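Numbering (the working numbering), first residue to last: 5 to 832.
Just so it is clear, CB atoms sit at the ideal spot from N, CA and C, and this is done for glycine as well.
It should be emphasised that the depicted structure is a prediction, and the values quoted were computed from it without experimental measurement.
Reading through the structure tokens given below for one structure.
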RNA sequence: GCGGGCGUGGUGGAAUGGCUUACACGCCGGCUUUAGGUGCCGGUGCUCGAAAGAGCGUGGGGGUUCGAAUCCCCCCGCCCGCACCA
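As structure tokens, this is what we get:
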């Protein structure tokens with residue numbers, strides 16, 4: 005073959021990119037009329053240009069979109085930008101540009117790179133979340149939740165960076181430290197807006213059975229995070245107080261072992277208990293001490309637990325025992341009831357606290373194999389056993405103790421069965437500028453007032469001092485914007501100056517794709533229901549417990565208010581593996597980075613896409629070789645050249661060559677084509693991109709061998725290269741389009757139907773029979789596929805090497821798996 | 001501590017309980033080339049052997065099976081998530 009002629013990827017890719025950008029050939033219908041596929045990849049946050057992580061997931065996603073179209077589906081493949089967020093504000097503060105300008109410039113870079121990569125998005129549906137036409141529906145969503153009591157304001161401990169004097173989002177707290185200044189984060193008591201995700205906790209857990217296309221790994225992360233536990237709520241009387249206080253426990257059967265009672269330091273009950281006593285000052289000091297601790301210190305399990313005795317007592321309802329009430333930093337305000345019964349013999353934390361403060365330890369569960377002693381034990385016992393020191397329950401085994409005690413508590417009105425969740429309500433307030441304004445005003449007369457729907461959107465003002473260190477939130481500096489008449493009474497009122505967490509935007513953005521220009525509603529349920537649910541969602545697993553829980557929550561809420569029919573937005577989710585170099589995340593500062601733009605310039609988009617897909621299974625992490633972008637030039641780029649030369653060779657062949665018959669070589673090649681279509685199609689369905697590329701490489705290798713051996717049947721070779729191009733088109737859109745046209749087609753390859761294999765051609769007629777003697781392979785024989793068991797045995801016994809290992813003995817057992825295996829057993 | 005995942009050639013990785021290592025990188029050789037590179041063809045788990053072939057080999061140990069990378073038990077190592085959740 006002509007080795008001089010090489011594929012000019014730069015010119016070809018530039019030409020088709022221009023054409024595709026100009027014509028938007030992948031626009032989806034408003035409402036699908038046939039089989040649909042709605043494919044979504046997590047929309048990007050526009051900081052800088054695209055990185056390799058984007059390229060990886062986009063390559064996977066776009067391959068699925070193009071493959072689906074060729075399979076005859078009507079595909080909705082949209083894109084947008086998650087355009088609000090703190091990095092824009094940080095960049096603005098650092099460089100003195102407005103966050104809007106910074107954001108739009110980055111979106112332009114992103115978009116150019118996506119176009120360069122050959123993404124087949126429907127660009128007519130694009131939106132940015134920082135536009136009022138989008139975020140007004142965040143405000144709409146907020147009000148819908150607010151009307152139903154699912155958006156509410158309460159005082160809570162938020163992550164607070166003492167240096168930046170701002171509340172941080174969860175995702176901005178990295179290992180207990182502020183991502184901006186590395187200062188350890190502390191909790192600060194603030195009144196904030198929440199979405200009541202906990203109301204949906206059970207459904208979030210139970211509906212996981214619908215998530216058939218999620219990995220167990222991810223579902224486990226969510227289960228863990230939601231953390232449902234079953235137990236009982238028990239009423240404890242407090243001396244000198246009319247109302248009893250509830251505690252939550254998963255081990256009501258250890259109630260008789262409760263030797264003290266603990267309340268979280270922040271608990272209002274703490275104030276009540278010490279009020280009017282000589283402990284008031286001590287409480288203030290204790291709270292200060294606890295509040296001063298960074299999150300890192302407070303949550304460290306090594307740290308010694310700190311406590312304070314309140315001077316008051318609670319009454320254990322099961323035995324009327326008087327037990328002291330303590331405050332301790334290991335009890336959390338926002339889990340359960342914020343108060344616990346402490347059973348030091350059977351809870352490690354309680355035991356550590358009891359030893360530190362000299363509190364009694366009483367064993368109420370005895371293990372079967374040894375005798376516990378409350379005075380000397382150094383480790384709490386949480387295993388199986390029987391109840392002791394527990395009145396009439398003595399002797400009850402732990403297998404039934406929880407149920408029995410709970411039943412008894414309910415019968416005697418002392419408590420009730422209960423469950424609890426680790427999941428907390430979603431704190432959505434942010435003291436940031438670059439986000440959706442919360443549509444609430446505060447009026448001296450009417451209090452908290454919702455902005456009426458017909459006054460939406462509450463537009464984010466451009467002119468604010470977002471660097472102000474004094475203001476509670478940057479929006480507070482826009483005084484003209486803040487001070488408005490109350491929508492209810494018309495008297496002066498002040499707007500809420502916090503903005504919404506940007507995860508609100510991403511919690512429903514995919515719905516907007518189905519109806520992106522709707523000015524009456526976030527989306528029309530008719531259009532949404534026609535496209536939803538998302539047939540395949542793709543994106544990073546780092547969103548496992550943030551975006552992927554919020555989204556499921558909002559989807560269920562939409563279902564409850566009749567906006568959508570599906571309880572789950574994306575039953576199938578593919579998480580790509582992270583890309584590293586030298587085992588570390590790629591970053592400019594480390595210098596271990598490969599820029600997509602460099603790959604585009606040196607090897608082209610097709611080579612980059614193919615390189616990513618060939619590196620391994622899509623969900624597997626990929627450690628990029630240290631040589632960087634050059635590795636593309638060793639792996640995928642040369643192979644694309646090889647494909648090009650093969651196609652060009654075939655295109656140049658005379659139409660009816662003399663003497664090119666249809667011999668065994670041609671038949672073998674045709675059989676390989678059809679077998680390849682068969683297995684490649686199956687691999688596409690299973691995301692086995694790396695293995696299907698290997699199959700395509702085998703096909704190309706065989707074609708080269710055929711040519712090298714003098715084969716010249718143009719018909720067979722044309723069938724081969726056309727099948728090859730069709731199968732390659734979803735992964736490498738440019739070269740396949742170009743070569744398809746050069747082979748004489750007027751229409752785009754990307755609108756063509758997927759090749760169908762001929763079952764007769766794909767069927768094997770000869771296979772390799774493996775002959776084993778006592779489990780070891782002793783020969784391999786080529787046999788027809790329809791060989792009988794008797795014939796298999798006959799041929800196996802005819803093998804000299806098999807005979808040698810039979811050593812003259814008769815097989816006592818023959819296992820035949822026609823036509824591929826026969827296993828003979830002889831006594832040894 | 002709790003939960004989950006992983007361990008296969010020099011490397012990335014293949015392998016419905018059935019020939020371990022497809023495909024590719026790297027390396028070795030041949031051809032083409034003034035040369036290098038590119039390209040085309042072939043070889044490449046380890047040990048013994050001239051070869052035929054034999055033995056060993058999927059982190060370690062045991063088990064089930066005619067047959068185990070795959071299923072079961074124990075151990076070792078690595079990675080990830082959550083972490084005072086009562």
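Backbone CA spacing between residue i and residue j [nearest angstrom]
i           : j           : result
residue 583 : residue 56  : 7 Å
residue 285 : residue 279 : 10 Å
residue 232 : residue 462 : 38 Å
residue 520 : residue 270 : 46 Å
residue 104 : residue 596 : 30 Å
residue 624 : residue 679 : 27 Å
residue 653 : residue 728 : 14 Å
residue 550 : residue 589 : 21 Å
residue 36  : residue 516 : 16 Å
residue 373 : residue 259 : 23 Å
residue 794 : residue 713 : 38 Å
residue 782 : residue 723 : 39 Å
residue 580 : residue 440 : 30 Å
residue 778 : residue 772 : 19 Å
residue 119 : residue 721 : 33 Å
Same chain, Cβ closer than 8 Å to residue i, neighbours up to 5 away in sequence not counted
i           : result
residue 455 : 143, 147, 443, 444, 445, 462, 491
residue 408 : 257, 397, 400
residue 381 : 349, 355, 365, 367
residue 290 : 269, 310, 312, 331
residue 91  : 49, 51
Cutoff 7 Å; reference residue i; Cβ partners in own chain excluding five residues on either side
i           : result
residue 58  : 48
residue 8   : The predicted position of residue 8 is uncertain, since its pLDDT is 46 and thus under 50; a value taken from the coordinates is nonetheless stated next. Cβ neighbours of residue 8 beyond the five flanking positions: none.
residue 768 : 789
residue 736 : 610, 613, 614, 644
residue 507 : 550, 551, 554
residue 128 : 28, 31
Other residues of its chain near residue i: CB distance less than 6 Å, five sequence neighbours each side excluded
i           : result
residue 485 : 465
residue 825 : 774
residue 140 : 460, 461
residue 352 : 384
residue 410 : 236, 256, 421
residue 113 : 53
Whether residue i touches residue j by CB criterion (8 Å)
i           : j           : result
residue 162 : residue 192 : yes
residue 253 : residue 427 : no
residue 391 : residue 262 : no
residue 226 : residue 431 : no
residue 83  : residue 130 : yes
residue 606 : residue 633 : yes
residue 402 : residue 419 : no
residue 759 : residue 681 : yes
residue 281 : residue 244 : no
residue 822 : residue 791 : yes
residue 308 : residue 360 : yes
residue 495 : residue 449 : yes
residue 333 : residue 288 : no
Cross-strand partners of residue i (DSSP beta bridge)
i           : result
residue 424 : 233
residue 197 : 157
residue 645 : Answer by DSSP bridge pairing: none, since residue 645 is not bridged.
residue 313 : 330
Buried versus exposed call for residue i [16 or more other C-beta atoms within 10 Å across all chains shown]
i           : result
residue 10  : exposed
residue 14  : exposed
residue 717 : buried
residue 804 : exposed
residue 483 : exposed
residue 707 : buried
residue 740 : buried
residue 677 : buried
Near the ligand SAM: residue i beta-carbon under 7 Å from a heavy atom
i           : result
residue 469 : No copy of the ligand SAM occurs in the structure displayed, which carries no ligand at all.
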